[in-house]
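K.L.:
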Amino acid sequence: MNTEPTMRPDFDAVRADFPRARTAAYFDNASSHPLSVHSTAALHRYVEWLSHDVGEPWWPNWAGT
7 MNTEPTMRPD FDAVRADFPR ARTAAYFDNA SSHPLSVHST AALHRYVEWL
57 SHDVGEPWWP NWAGT
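Numbering follows this note's numbering, in which position 26 of the sequence shown is assigned residue number 32; successive positions increment by one, without gaps.
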């Protein structure tokens, strides 16, 4: 049985999504974990919407009723 992966993940691309990983290693499980740039953008969007009603809500129309 061949257990070798057929394709290697692009770890450089994954690391690029986690800017904190460029300067620090995450070993502290009492700390907050590194957030990806995508998660960070979603949090910023949510906070802006909550604070200033900026942008469109991202839930379906039926959820707002």
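Glycine included, every Cβ here is placed at the ideal spot set by N, Cα and C.
By Cβ distance below 7 Å, which residues in the same chain neighbour valine 43 in space, the five residues on each side in sequence not counted?
P.N.:
Here the set comprises Asp23 and Pro25.
K.L.:
Could you check whether arginine 21 and arginine 14 sit closer than 9 Å to each other, using their CB atoms as the reference points?
P.N.:
Not a contact, by the Cβ cut-off of 9 Å.
K.L.:
By DSSP, does alanine 31 sit in helix, in strand, or in coil?
P.N.:
Coil, per DSSP.
K.L.:
Checking 9 Å against the spacing of the C-beta atoms, do tyrosine 32 and proline 40 come in under that value?
P.N.:
Yes; because the gap between Cβ atoms is below 9 Å, this pair is in contact.
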